[in-house]
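Below is one structure, written out as structure tokens, with a few remarks after it.
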Amino acid sequence: MLSFVQGVLALSLCLGAPSFAQEAAPAPDAWTAREARHLLNRAAFGATPAELDAAVALGRAATIERLLLGGREVEPPFFATVGVADFGGLDGRSPAEQREVRRQVRERDKGQLAAYTHWWLERMRRGEDPLRDRMTLFWHGFFTTSSKDLRRTFEVIQQHQLLRDHALESYAELLAGIVHDPAMLYYLDNTKNKKGKPNENLARELLELFSLGEGNYTERDVQEVARALTGHQAGRDGGFELNRKQHDDGEKTILGRTGRFDAEDVVAILLEQDACARWVAGRLLESFEGARPDAARLDEYAACLREADYALRPFLRKLLDDPRFYRDEVVGARVLGPVDFLVSSERRLGLEVSPEFVYRAASELGQTLFQPPNVKGWEGGESWITTASLIGRGNAAGLMLGVLDEDAARVAPVAPAPADPDYGGMEAMDSMDATDDMDAMQAMDGREEAAEGDARLPGELRALKRALGKDYAPRLNLTWRFARRGLTRDAELAGALLDELLAIAAPDETRAALTRRLAAERAALGVAEGELLAQPALAEPLLRRLAHLVLSLPEAQLD
Amino acid sequence: MPTTPRPLRLDRRAFLAGGLGFTAGLCLAPGALAARRDESQRHLVLVQLSGGNDGLSTLVPYGDDAYHAARDATRIAAESLHRLDEYRGLHPALTRLAARYDAGELALVQGVGYPGPNRSHFKSLEVWHAAHPDGRVAGDGWIGKLCDARWPQDAPPELVVHLGKDVPYALHSAHHPPVAFEVPETYQWLGDGQELDPGADEPARGGGSVLERLRRVQRDAQASSRRIRHAAAGYRTDVEYPATREGRALRTAAALLDAGLGTRVVSVDFGGFDTHSSQRGRHDELMRTLDGALGAFLADLRGRSIGAHTLVLVFSEFGRRVRENGSGGTDHGKAGLVLAAGAPVQGGLYGAYPSLTDLDGGDLRYAVDFRRCYAAALRWLGADPTAVLGEPFEPVPFV
Chain B
1 MLSFVQGVLA LSLCLGAPSF AQEAAPAPDA WTAREARHLL NRAAFGATPA ELDAAVALGR
61 AATIERLLLG GREVEPPFFA TVGVADFGGL DGRSPAEQRE VRRQVRERDK GQLAAYTHWW
121 LERMRRGEDP LRDRMTLFWH GFFTTSSKDL RRTFEVIQQH QLLRDHALES YAELLAGIVH
181 DPAMLYYLDN TKNKKGKPNE NLARELLELF SLGEGNYTER DVQEVARALT GHQAGRDGGF
241 ELNRKQHDDG EKTILGRTGR FDAEDVVAIL LEQDACARWV AGRLLESFEG ARPDAARLDE
301 YAACLREADY ALRPFLRKLL DDPRFYRDEV VGARVLGPVD FLVSSERRLG LEVSPEFVYR
361 AASELGQTLF QPPNVKGWEG GESWITTASL IGRGNAAGLM LGVLDEDAAR VAPVAPAPAD
421 PDYGGMEAMD SMDATDDMDA MQAMDGREEA AEGDARLPGE LRALKRALGK DYAPRLNLTW
481 RFARRGLTRD AELAGALLDE LLAIAAPDET RAALTRRLAA ERAALGVAEG ELLAQPALAE
541 PLLRRLAHLV LSLPEAQLD
Chain F
1001 MPTTPRPLRL DRRAFLAGGL GFTAGLCLAP GALAARRDES QRHLVLVQLS GGNDGLSTLV
1061 PYGDDAYHAA RDATRIAAES LHRLDEYRGL HPALTRLAAR YDAGELALVQ GVGYPGPNRS
1121 HFKSLEVWHA AHPDGRVAGD GWIGKLCDAR WPQDAPPELV VHLGKDVPYA LHSAHHPPVA
1181 FEVPETYQWL GDGQELDPGA DEPARGGGSV LERLRRVQRD AQASSRRIRH AAAGYRTDVE
1241 YPATREGRAL RTAAALLDAG LGTRVVSVDF GGFDTHSSQR GRHDELMRTL DGALGAFLAD
1301 LRGRSIGAHT LVLVFSEFGR RVRENGSGGT DHGKAGLVLA AGAPVQGGLY GAYPSLTDLD
1361 GGDLRYAVDF RRCYAAALRW LGADPTAVLG EPFEPVPFV
């Protein structure tokens, strides 16, 4: 099957060389660059100018269908249960050897989740099947499980595959799957939910967060659902197991229905509730539009889910084709999450940075993949932006662009901080820290040197920089990019930077400010207006510094 | 062993004060100019124990037979406790806090909750953060409302600081959005030259588009970055804080308050209290972490002038079920425990220990509305509690 990008690029090639999006010819079905950009911001991970042109040419309906097609059969990296047996077992070994075996187990186990995370981030970057990746990210924040609370990574990856397999297909399948999903059963303590000794953690969150929403069930319902979920356990092989001895098969009354219900019955009962369709529709609409829908619209979309038996493609098709999805209050008014910000910036810049960098940077910015902060997932929206995260986003962009000013870190002398960099808790997996010890040592070195006024970066930023790779240099040629387009004037160059790097249309005052800055810096280099691109050695560093300014703007946090 | 909690200070004061006592406290009494100047230097440190702290394992009612009957895996042996009287004792790991209690600088408010208790973490946290049963639909968080009531709109951005990544809803404020960071060293934009400022007009406070709000955040970040890094880097203390996230956060809190940046409220979030299974070891560790960090902070403050002006309030969204679940843990409950600590605090016990037998759906019944704790802090800070809370609540007289 043709991938999304291959498809749109092939089409754009048929239509001739890509032109800049704003100038593209009108599309067959009333479809503007503004709408195309919005669709690809929200349903994909942002668009490069070429992708935008191609989508405009393809037309709205066809672009939506292509997004919805979403190839399901994608080969994930190999993952397996990892145990001491894979390293020859512990029998007959000295304590030191046993420690070494356990270390190897941990390393391989963490390593496979790291590899899997990298694979997912690379898929987002490549954009072959962006809507499935985006929806998987949505479900990852909806049916949350944190790898921190699990003993090994096999179940974590297995759950992600479940979310991925049904991401565009069916909420009903997801709900049925999640009450049998070993990672979830561990995460919400259901492996300890036994007949006569109920543990209601999963039952409560199943009702509150995974299906109905708070206020649409009683405490009695929670207790009865917990009984229905007794005996749902997981085996050593990582598969689901129903422990019949621990299962309470007595009569239960749940949401007004009485019977000897098991988990399948509970799922069926939940799916019958209007509250369920409304809850799921509301969460989806909020995710795509950045704001809660009004009551009438929520009803309309909840009905759409119900009528399709919770199939997701009809819902998404309706939404992405809905004129209200393109209204001014929605376009450009959503705050990008950290993964979104990083991946879409990377895509718009045309860079390829290491997925480990994206993982770590997103984590610093408040979104650690596979470790949502709690069972509710990431809060999202404007809560992504704090004074520190805004600074952090700018610094991450600066690292990607290779323009971070390390000397500036010298301005404030930094006192030595306590040495222990591990505050993830006892069972924290710190998944990607395969080089923990080295990191810690280097971070400490950094602190000592910084304390002496050295211009080294503080620990977190140094770790981020290292994640880019040893000899990282951004593969980027903004000078060529703009020269080829025939841009010369300061205002044209500033405008092009804003149009290409921002997901939203920049306000006039921002255009004017960037133009002024560019003019001032160009003049300081002794270059006349119109001559900058003719001196690439001067132009490229300047354009990159300005690109860094653009990605540090509040405007860059919106899509 | 006696199973009836002894009568407590709150009751006496409450009857004494009647309906008017606390409003009188709001007005500036004659000769209160010094007190007012004093109020203008006061700080509040909010410590949130996220997940629902088990009050029964924090202030343990070891003298109650019902406690021993309800708890097995999570039961804490009486002899290991810091006994406060013949009925209750502090968790064995709370050594430093027990010492503060003995010194009269730790108040324990028992049986704290709110009407119509909700066992959802998120709903319950919203109620605590908004100081309103409707949660966040009630508008700004209670600290945001405090800012509006107490401090001018041109207060420095560091007025309210959250030391962590996720800003709690309590700090949500249209007019005084908090500064938030976890590590002072990286709280710096490292670009070449200045960030771009389009010089757009500052929108009306609290209003504006999302872009205008983000621009405000950026200006606050620029204004506070250098001051905060200098404050943290220049801070010297003989007190050794534990090398935990919590210890580091409270060390930074002390540095900020000591530097006099105009910070009035600091918020920190200690997580991990949702102990549905294998609670004993986990909760012991949580108590060690709390005691280590908060104990160091209080010790540090004692040697500084800010110590006399700093009130620490420790809370959690709910307590936990009286009867253990089948997994050696406890499920979400209702009434819980609030701690108030610091030199300004009148230490001791407030409220009655909730009955372990007269339960509400298996949970402790609350007797003290949490807003009465807020009211005490608000009044002490020089704000009108009724203006902030929307209705009058009688302050728990711990400060």
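If you read the protein sequences in the order shown, they are chains B and F. Residue numbering for the first sequence is 1 to 559, as defined by our numbering. Residue numbering for the second sequence is 1001 to 1399, as defined by our numbering. For every residue, glycine included, the Cβ atom is placed at its ideal position computed from N, Cα and C. This structure is a prediction, so every number in the text was calculated from the model and none was measured.
According to the neighbour-count rule (16 or more other Cβ atoms, all chains shown, within 10 Å of its Cβ), is Pro323(B) buried or exposed? Residue numbering aside, residue 323(B) sits at position 323 when the first sequence is read from its first letter. Its Cβ having fewer than 16 others within 10 Å, Pro323(B) is exposed.
Got a sec? Which residues, its chain only, sit under 6 Å from Leu185(B) by beta carbon, not counting five neighbours each side? Numbered from its first residue, the first sequence carries residue 185(B) at position 185. Excluding positions up to five away in sequence, the list reads Thr191, His232, Ala234.
Within 10 Å of its beta-carbon, does Lys110(B) have 16 or more other beta-carbons around it, so buried, or fewer, so exposed? Stepping through the first sequence from its first residue, residue 110(B) is reached at position 110. Buried, because 16 or more other Cβ atoms sit within 10 Å of the Cβ of Lys110(B).
Tell me whether the segment 245-258 of chain B and the segment 149-168 of chain B touch, counting them as touching only if at least three CB pairs, one residue from each stretch, are closer than 8 Å. no
Distance, Gly141(B) Cα to Val1047(F) Cα: Position 47 of the second sequence, counted from the start, is the residue given in the question as residue 1047(F). Position 141 of the first sequence, counted from the start, is the residue given in the question as residue 141(B). Going from the Cα of Val1047(F) to the Cα of Gly141(B) covers about 26 Å.
For the ligand MG, any of its heavy atoms closer than 8 Å to the Cβ of Val1266(F)? Although the ligand MG was asked about, the structure shown includes no ligands whatsoever.
Taking a contact to mean a Cβ-Cβ separation below 9 Å, would you say Ala1130(F) touches Ala1093(F) in this structure? Numbered from its first residue, the second sequence carries residue 1130(F) at position 130. Numbered from its first residue, the second sequence carries residue 1093(F) at position 93. Result no, Cβ atoms of Ala1130(F) and Ala1093(F) do not sit closer than 9 Å.
His1276(F) touches chain B at which residues, Cβ-Cβ below 9 Å? What you label residue 1276(F) is simply residue 276 of the second sequence in a count that begins at 1. Result: Leu188, Asp189, Lys192, Asn199, Glu200, Asn201.
What is the rounded straight-line gap between the Cα of Arg466(B) and the Cα of Gly459(B)? Locating residue 466(B) in the first sequence gives position 466, where the first residue counts as 1. Locating residue 459(B) in the first sequence gives position 459, where the first residue counts as 1. Each residue's Cα considered, the two are about 11 Å apart.
Assuming Leu498(B) and Leu514(B) form a contact by the criterion Cβ under 8 Å, report the distance between their Cβ atoms to the nearest whole angstrom. What you label residue 498(B) is simply residue 498 of the first sequence in a count that begins at 1. What you label residue 514(B) is simply residue 514 of the first sequence in a count that begins at 1. That pair is a contact at about 6 Å.
Please go through the segment 257-292 of chain B and give each complete beta strand (DSSP E) segment of 3 or more residues, from N-terminal end onward. Correct list: 257-259.
For Glu1240(F), count the other beta carbons within 10 Å of its own beta carbon; 16 or more makes it buried, fewer makes it exposed. Which is it? Position 240 of the second sequence, counted from the start, is the residue given in the question as residue 1240(F). By the 10 Å Cβ count, Glu1240(F) comes out exposed.
Listed by chain order, chain B residues near Lys1123(F) by CB distance under 7 Å: Start at 1 with the first residue of the second sequence, and residue 1123(F) comes out as number 123. Per Cβ cutoff of 7 Å: Glu214.
Three-state class that DSSP yields for Lys1123(F) in the structure shown: Counted from its first residue, the second sequence places residue 1123(F) at position 123. Residue state, collapsed to three classes: helix.
What's the C-alpha gap between Gly1328(F) and Gly1055(F)? What you label residue 1328(F) is simply residue 328 of the second sequence in a count that begins at 1. What you label residue 1055(F) is simply residue 55 of the second sequence in a count that begins at 1. Roughly 16 Å between the two C-alpha positions.
Quick check on DSSP: helix, strand or coil for Leu1044(F)? As a first step, residue 1044(F) is located in the second sequence; it is residue number 44 there, counting from the start. DSSP places Leu1044(F) in strand when its eight states are reduced to three.
Going by DSSP, what residues sit across from Leu131(B) in a beta bridge? Here residue 131(B) is taken as the residue at index 131 of the first sequence, counted from 1. Partner(s): none; Leu131(B) has no beta bridge.
At the level of alpha carbons, what is the spacing between Ala1377(F) and Pro1392(F)? The residue labelled residue 1377(F) in the question sits at position 377 within the second sequence. The residue labelled residue 1392(F) in the question sits at position 392 within the second sequence. In a straight line, the C-alpha of Ala1377(F) is about 14 Å away from that of Pro1392(F).
Scan the segment 390-406 of chain B for residues whose Cβ lies nearer than 8 Å to a Cβ of chain F and list them as they occur along the chain. Leu390, Ile391, Gly392, Gly394, Asn395, Gly398, Val403, Leu404, Asp405, Glu406
Using a Cβ-Cβ cut-off of 9 Å, state whether Ser1050(F) counts as contacting chain B. Translated into positions along the second sequence, residue 1050(F) becomes position 50. Chain B contact via Cβ: present.
Among Gly1307(F), Leu1364(F), Leu1349(F), Arg1302(F), whose alpha-carbon lies nearest the alpha-carbon of Val1322(F)? Walking along the second sequence from the start, residue 1322(F) turns up at place 322. The shortest Cα separation from Val1322(F) among Gly1307(F), Leu1364(F), Leu1349(F), Arg1302(F) belongs to Leu1364(F).
Near Ala1180(F), which residues of its chain fall below 6 Å by C-beta distance, leaving aside the five closest residues on each side in sequence? The residue you call residue 1180(F) lines up with position 180 of the second sequence. Hits under 6 Å: His1162, Val1167.
Contacts that Ala362(B) makes with chain F (C-beta to C-beta distance below 7 Å): Against the first sequence, residue 362(B) aligns to sequence position 362. In chain order: nothing, as chain F lies at least about 12 Å away.
Can you check whether the C-beta of Glu219(B) is within less than 9 Å of a C-beta belonging to chain F? Position 219 of the first sequence holds residue 219(B). Answer yes: the Cβ-Cβ gap between Glu219(B) and chain F drops below 9 Å somewhere.
Counting only beta-carbon atoms, is Ile385(B) nearer than 9 Å to chain F? Numbered from its first residue, the first sequence carries residue 385(B) at position 385. With 9 Å as the cut-off, Ile385(B) counts as an interface residue toward chain F.
Under 8 Å by Cβ, that's how I've got Thr1074(F) and Arg1280(F) pegged, so tell me the actual separation to the nearest angstrom. Here residue 1074(F) refers to the residue found at position 74 of the second sequence. Here residue 1280(F) refers to the residue found at position 280 of the second sequence. Contact holds; Cβ gap of about 5 Å.
Would you list, in chain order, the members of the segment 366-379 of chain B that have their beta-carbon closer than 8 Å to a beta-carbon of chain F? Shown in chain order are the members of the segment 366-379 of chain B whose Cβ falls below 8 Å from a Cβ of chain F: Gly366, Pro373, Asn374, Val375, Lys376, Glu379.
Using 9 Å as the threshold, is the C-beta distance between Gly1351(F) and Glu1105(F) below it? Position 351 of the second sequence, counted from the first residue, corresponds to residue 1351(F). Position 105 of the second sequence, counted from the first residue, corresponds to residue 1105(F). Not closer than 9 Å, so no.
Our contact map puts Glu1195(F) next to Gln1222(F) with C-beta atoms below 8 Å; I'd like the distance itself, whole angstroms only. Position 195 of the second sequence holds residue 1195(F). Position 222 of the second sequence holds residue 1222(F). Going by Cβ atoms, the distance from Glu1195(F) to Gln1222(F) rounds to 6 Å, so yes, they are a contact pair.
Beta carbon proximity, Arg517(B) to chain F, threshold 9 Å: Numbered from 1 along the first sequence, position 517 holds the residue referred to as residue 517(B). With 9 Å as the cut-off, Arg517(B) counts as an interface residue toward chain F.
Give a yes or no on whether 9 Å exceeds the smallest Cβ distance from Ala1221(F) to chain B. Counting from one through the second sequence, the residue named residue 1221(F) turns up at place 221. Interface residue, yes.
For the segment 244-268 of chain B, which residues have a CB atom closer than 8 Å to at least one CB atom of chain F, in sequence order? none
Rounded to whole angstroms, what is the Cα-Cα separation between Glu35(B) and Tyr326(B)? Here residue 35(B) refers to the residue found at position 35 of the first sequence. Here residue 326(B) refers to the residue found at position 326 of the first sequence. Approximately 7 Å, taken between the alpha carbons.
I need the DSSP call for Asp221(B), collapsed to helix, strand or coil. For the purposes of this step, residue 221(B) is identified with residue 221 of the first sequence, where counting begins at 1. When secondary structure is reduced to three states using DSSP, Asp221(B) falls in the helix class.
Taking 9 Å as the cut-off, decide whether the C-beta atoms of Arg1372(F) and Pro1344(F) are in contact. In the second sequence, counting from the first residue as 1, residue 1372(F) sits at position 372. In the second sequence, counting from the first residue as 1, residue 1344(F) sits at position 344. Contact annotation: Arg1372(F) and Pro1344(F) have beta-carbon atoms that are not nearer than 9 Å.
Taking only three categories from DSSP, how would you classify Glu352(B)? Along the first sequence, read from residue 1 onward, the residue named residue 352(B) stands at position 352. DSSP places Glu352(B) in coil when its eight states are reduced to three.
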